[in-house]
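Okay, structure first, notes after.
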Ligand code: NAP
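Numbering (the working numbering), first residue to last: 22 to 334.
See below:
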């Protein structure tokens with residue numbers, strides 16, 4: 022079968038670190054073009070400054086990957102669907118739940134596919150944790166997601182602007198795993214959000230969840246912090262009512278079961294994302310799950326604001 026001709030829109034950090042090399046290595050896809058406001062390019066393929074120029078010049082384009090910050094994503098995805106393209110969305114799929122709902126409706130009307138990626142889910146250790154938790158009652162959930170924003174997002178001012186998600190930009194990765202592996206739906210009961218005095222978005226957050234289908238005494242919490250220097254922490258611990266203890270470490274790549282090593286594999290999240298995208302395209306199916314975004318929306322709705330010192334790069 023001919024490879025799917027795809028274009029990448031927004032040549033920032035994640036496009037360059039993951040999307041471009043992973044597309045180049047996947048025979049199911051052919052990079053047809055890129056769109057870069059700054060005019061960045063990839064050898065051998067044309068660069069366009071706007072998606073409209075791309076769609077006019079490359080009519081046999083099948084799909085686009087939208088790798089911009091979230092606030093630009095919905096308009097770009099809408100334009101792509103209107104141009105008849107299938108659309109892969111970086112995470113989070115949009116800034117609001119309403120936008121995702123609207124995009125899903127447009128995709129349905131246009132009979133085009135939408136794939137809202139959650140890269141942290143694409144780990145064998147996450148799939149195994151999900152399997153082990155099936156049918157079990159959760160007694161304790163403890164998420165610790167603490168990293169250094171200066172290392173991972175150098176100079177990305179959009180993360181501090183309204184709609185930029187702040188610490189929920191990485192935190193939503195943890196929530197994407199939690200919503201994948203915890204068998205019953207969670208909601209946020211309480212949130213403490215810490216905002217730098219010069220920022221629209223929080224630099225730290227602690228969340229307490231409730232599970233309406235779980236035991237009342239369950240302790241379900243998450244702590245996100247973007248001020249962690251030195252060793253970085255991306256850990257999810259879960260204890261079930263029957264005494265099983267699961268710990269996912271290193272962003273979902275390593276699972277420990279009752280203190281013993283379980284599934285562990287190097288991160289190949291984007292290779293798996295594009296393998297799944299090829300399957301969706303072949304099957305004519307979309308894959309859109311808003312559960313992680315819904316928990317972030319919950320946190321902003323019930324969150325209590327705390328102020329802290331101004332943030333400077
Ligand atoms: P980034 O380095 O700031 O890159 C985003 C790029 O999008 C910019 O370099 C720019 O590229 C383009 N862009 C920016 N504003 C735009 C606008 N208003 N309209 C159209 N294009 C615009 O950000 P990133 O780290 O790659 O993150 C992008 C998304 O990927 C975020 O949602 C993030 O959560 C997600 N993500 C990031 C990482 C990571 O490690 N950084 C990991 C997983 C997921 P051009 O100048 O080339 O157009």
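The beta carbon of each residue, even a glycine, is placed where N, CA and C say it ideally should be.
Bear in mind that the values here come from a model prediction, so they are computed numbers and not experimental data.
Residue j beta carbon less than 8 Å from that of residue i
| i | j | result |
| --- | --- | --- |
| residue 98 | residue 25 | no |
| residue 274 | residue 287 | yes |
| residue 336 | residue 28 | Residue numbering for the chain in the displayed model covers 22 to 334; residue 336 lies beyond these limits and cannot be assessed. |
| residue 205 | residue 231 | no |
| residue 160 | residue 236 | yes |
Classification of residue i by the beta-carbon crowding that lies within 10 angstroms, buried from 16 upward
| i | result |
| --- | --- |
| residue 166 | buried |
| residue 183 | exposed |
| residue 334 | exposed |
| residue 133 | buried |
| residue 266 | exposed |
| residue 279 | exposed |
| residue 233 | exposed |
| residue 149 | buried |
| residue 192 | buried |
| residue 219 | exposed |
The beta strand (DSSP E) enclosing residue i, as first and last residue numbers
| i | result |
| --- | --- |
| residue 256 | 254-261 |
| residue 165 | 159-167 |
| residue 326 | 324-329 |
| residue 51 | 50-56 |
| residue 133 | Here residue 133 belongs to no beta strand (DSSP E), and DSSP marks it neither H nor E. |
Host alpha helix (DSSP H) of residue i (start-end)
| i | result |
| --- | --- |
| residue 43 | 41-46 |
| residue 367 | This structure cannot settle anything about residue 367, because the visible part of the chain is limited to 22 through 334. |
| residue 369 | Residue numbering for the chain in the displayed model covers 22 to 334; residue 369 lies beyond these limits and cannot be assessed. |
| residue 145 | 145-154 |
| residue 92 | 91-103 |
Presumed contact (8 Å Cβ cut-off) between residue i and residue j, rounded CB distance
| i | j | result |
| --- | --- | --- |
| residue 181 | residue 187 | 7 Å |
| residue 111 | residue 138 | 6 Å |
Segment contact flag, the stretch 168-177 with the stretch 131-147, C-beta cutoff 8 Å, min 3 pairs: These segments do not touch.
Three or more C-beta pairs below 8 Å linking the stretch 314-325 and the stretch 213-230: Below 8 Å, enough C-beta pairs join the stretch 314-325 and the stretch 213-230 to call them touching: three or more.
Cβ pair count under 8 Å reaching 3, the stretch 150-159 against the stretch 309-318: With a cut-off of 8 Å, the stretch 309-318 and the stretch 150-159 do not count as touching, because too few Cβ pairs lie within range.
The stretch 35-44 touching the stretch 90-105, judged by at least three CB pairs closer than 8 Å: No: the two stretches stay apart, fewer than three of their Cβ pairs being nearer than 8 Å.
Segment contact, 8 Å Cβ cut-off, at least three pairs: the stretch 187-198 with the stretch 292-309: Counting Cβ pairs under 8 Å, fewer than three are found: no touch.
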